[in-house]
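The next block holds one structure in the form of structure tokens; read it before the comments.
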Amino acid sequence: MWWDNLTNLQQISFIIGTASTIIMFIFIVLMLIGMDGDSFDGDVDLDMDMDFDTDIDINVDIDDMDGSSDVDIYNNDGIGSISGLRIVTIRGVLAFFSIGSWTVYLLADNVSVWVAILIGGISGAIAAVLLAIAMKAILKLESSGNLDYSTAVGKTATVYIRVPKESIGKGKVIFNHQGKMVEVDAITKDKEDILNKTEVKIIGLVDETTLVVKKI
166 MWWDNLTNLQ QISFIIGTAS TIIMFIFIVL MLIGMDGDSF DGDVDLDMDM
216 DFDTDIDINV DIDDMDGSSD VDIYNNDGIG SISGLRIVTI RGVLAFFSIG
266 SWTVYLLADN VSVWVAILIG GISGAIAAVL LAIAMKAILK LESSGNLDYS
316 TAVGKTATVY IRVPKESIGK GKVIFNHQGK MVEVDAITKD KEDILNKTEV
366 KIIGLVDETT LVVKKI
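Numbering-wise, the working numbering puts 349 at position 184 of the sequence shown, and it's gapless, one number per residue.
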């Protein structure tokens, strides 16, 4: 039988790759039909303790990728929200395991176990970064265009990048607006920073593309 001819590593890789690919596909479909809630993008600390007596900690530090020379020190939140580039999310982890596992599966017969795992890990990490860049581009495309944010006043949103207190800097919020999931700049007059994942209410506009929000 085909399955019996596979090595243990290939069997494990096949199971992980198949499961993560299916789940990731479901998430993408939900996103495309507007049901990709913010809960699907929760931060995940990835700490894999493998059976090979090796601890693999994944911790990526990425420079600001906005192309902007100005660095907002108030929004320097590490991997979870550097310039809106979110890598260690549920989708990012799924991309890592999906691409990484399939790479290991394909290489297992041709190279040693550790080389296959190493190449698979690198491939998975690259896939996670590329997915994060793609998601950032999608959100930017959706937030640009002829959207009237004046009609968003009174709506609730979720902080995507920390919003600094007392209007000393800009953060970002995401919410459904005119049938799209949009990412928009935001400030707050609150006395404390509004942290990532916090629910806020949109109470006004600074300009056409910057909102004023208040912690709920």
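C-beta: ideal position from N, C-alpha, C; glycine also. Note that the coordinates shown come from a computational prediction; the quantities given were computed from them, not determined experimentally.
Taking the alpha-carbon of residue 299 as reference, which of 257, 265, 181 and 286 has the nearest alpha-carbon? 257
Please classify residue 358 as buried or exposed, where buried requires at least 16 other C-beta atoms within 10 Å of its C-beta. buried
Per-residue DSSP class, three states only, for residue 286: helix
Sort 354, 364 and 264 by Cα distance to residue 294 and report the nearest one. 264
Residues in the same chain with beta-carbon distance under 8 Å from residue 176, minus the five sequence neighbours each way, listed in chain order, please. 168
Using CA coordinates, which residue listed in 316, 181 and 174 is at the minimum distance from residue 274? 174
My output table needs one value for residue 265: the three-state DSSP class, helix, strand or coil. helix
6 Å CB neighbourhood of residue 366 in its chain, flanking five on each side removed: 321, 379 and 381
Please report the straight-line C-alpha distance between residue 291 and residue 330, rounded to a whole angstrom. 35 Å
Mind listing, in chain order, the continuous beta strand (DSSP E) runs of no fewer than 3 residues lying wholly within the segment 300 to 363? 321 to 326, 336 to 342 and 345 to 353
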